[in-house]
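Residue numbers (the working numbering): 32 to 341.
One structure below.
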């Protein structure tokens with residue numbers, strides 16, 4: 032049976048279709064399961080863009096800032112019509128828009144990430160081993176994100192300015208650090224701000240926030256202190272934050288957090304009479320702050336390409 036040459040799929044269709052303009056509508060429902068991976072991909076996409084205009088370097092910096100701190104912006108960079116069409120041979124984009132709507136808050140599901148073993152009859156509760164509970168993880172995550180936000184705000188306001196005695200109230204985070212860090216440069220402070228995000232990312236992935244370097248030890252201590260303070264001062268606000276997360280015997284066990292989260296990595300030599308926190312204090316005193324970001328020998332190093340929130 033012969034082919035019909037006038038059919039859209041017959042001979043000559045390729046030449047004729049070259050002049051066609053087609054409007055395509057694509058509707059996607061997405062769930063973000065790995066924010067650090069999404070952020071890294073969006074940063075890489077922005078770095079590859081060819082930007083025109085008066086200040087392309089400034090445009091790129093602003094885009095990098097946006098995709099590093101906002102999931103919607105990160106998705107926008109990866110789902111932009113020009114980027115999608117570029118992967119399709121034989122077509123070119125002549126226009127298009129991208130609309131992203133959020134159907135729920137961009138927040139980890141701590142009940143799923145940190146499942147409880149069950150009630151006391153099933154082996155949970157009082158007889159179970161210590162665990163990081165959904166409510167503890169949620170509150171700790173909120174404090175780490177808040178400290179990161181505040182640290183970057185300090186940077187935006189003060190830059191390289193030193194923290195001065197009597198003016199420490201003007202700072203939210205960096206005045207709380209040991210005084211030997213008060214005159215360090217912006218780059219050091221930016222790296223310190225990132226440690227809060229790194230530990231928060233661990234929690235968002237369902238992992239315990241185990242400090243991998245001295246800077247993360249300090250960051251986690253600050254977050255635990257703030258979490259304890261907030262719970263004591265504003266228990267109603269904390270209860271509202273928890274929503275319908277399941278309750279557990281080990282909720283807000285800050286002493287347990289200190290016992291279980293610190294000392295997994297880090298110095299295990301030195302005076303055997305000292306506990307892990309005391310050995311860390313000795314190492315902090317003996318190490319220049321520039322060395323606080325060096326990963327412990329037994330800990331996996333963070334991704335060097337993970338970037339900064341700002």
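Heads up, the beta-carbon is just placed ideally off N, CA and C, and yes, glycines get one too.
Here the structure is a predicted model, which is why all the values come from computation and not from measurement.
| field | Spatial distance of residue 216 from residue 254 (CA atoms) | value | By one-based count along the chain shown, residue 216 stands at place 185. By one-based count along the chain shown, residue 254 stands at place 223. Cα to Cα, the separation comes out at about 23 Å.
| request: Could you please give the first and the last residue of the uninterrupted alpha helix (DSSP H) stretch that includes residue 180? | output: If you number the chain shown from 1, residue 180 lands on position 149. First-last of the alpha helix (DSSP H) with residue 180: 165-189.
| query | Are the beta-carbon atoms of residue 293 and residue 312 separated by less than 8 Å? | reply | Within the chain shown, numbered from 1, the residue matching residue 293 stands at position 262. Within the chain shown, numbered from 1, the residue matching residue 312 stands at position 281. Not a contact, by the Cβ cut-off of 8 Å.
| Member of 129, 256, 317 and 168 whose CA lies at the smallest distance from the CA of residue 55 | As a working mapping, residue 55 is identified with position 24 in the chain shown. The shortest C-alpha separation from residue 55 is found at 129.
| request: Count the other CB atoms, across all protein chains shown, that sit within 10 Å of the CB of residue 161; report buried if there are 16 or more and exposed otherwise. | output: Position 130 of the chain shown, counted from the start, is the residue given in the question as residue 161. Under this definition residue 161 is an exposed residue.
| task | Determine the extent of the alpha helix (DSSP H) in which residue 252 is found, giving its start and end residues. | result | By 1-based counting over the chain shown, the position of residue 252 is 221. Residues 245-264.
| field | residue 233: first and last residue of the uninterrupted alpha helix (DSSP H) it sits in | value | Taking the chain shown and counting its residues from 1, one reaches residue 233 at position 202. Here the alpha helix (DSSP H) through residue 233 covers 217-235.
| query | Are there 16 or more other CB atoms within 10 angstroms of the CB of residue 246, so buried, or fewer, so exposed? | reply | One-based indexing of the chain shown puts residue 246 at position 215. It is buried - the Cβ of residue 246 has at least 16 other Cβ atoms within 10 Å.
| task | With a threshold of 16 other CB atoms inside 10 Å of the CB of residue 36, please say whether the residue is buried or exposed. | result | The count along the chain shown starts at 1 and reaches residue 36 at position 5. For residue 36, the pLDDT reaches just 42, beneath the cut-off of 50, and the residue's location in the model is therefore unreliable, although a value from the coordinates is still provided. Exposed: under 16 other Cβ atoms inside 10 Å.
| task | Could you tell me if residue 318 is buried or exposed, where buried requires 16 or more neighbouring beta carbons within 10 angstroms of its beta carbon? | result | For this step, residue 318 is matched to residue 287 along the chain shown. It is exposed - the Cβ of residue 318 has fewer than 16 other Cβ atoms within 10 Å.
| request: Could you tell me if the beta carbon of residue 181 falls within a distance shorter than 7 Å of some heavy atom in the ligand ZN? | output: This structure does not include the ligand ZN; it has no bound ligands of any sort.
| query | Which value, in whole angstroms, describes the spacing of the CA atoms of residue 172 and residue 116? | reply | As a position in the chain shown, residue 172 is number 141, starting the count at 1. As a position in the chain shown, residue 116 is number 85, starting the count at 1. Going from the Cα of residue 172 to the Cα of residue 116 covers about 38 Å.
| On the three-state DSSP scale, how would you describe residue 292? | The count along the chain shown starts at 1 and reaches residue 292 at position 261. Residue 292: helix per DSSP, three-state reduction.
| message | With a threshold of 8 Å, are at least 3 pairs of Cβ atoms found where one atom belongs to the stretch 230-238 and the other to the stretch 193-205? | response | no
| Nearest-angstrom beta carbon gap, residue 251 and residue 230 [assumed within contact, 8 Å] | Translated into positions along the chain shown, residue 230 becomes position 199. Translated into positions along the chain shown, residue 251 becomes position 220. Residue 230 to residue 251, Cβ: 6 Å. Contact.
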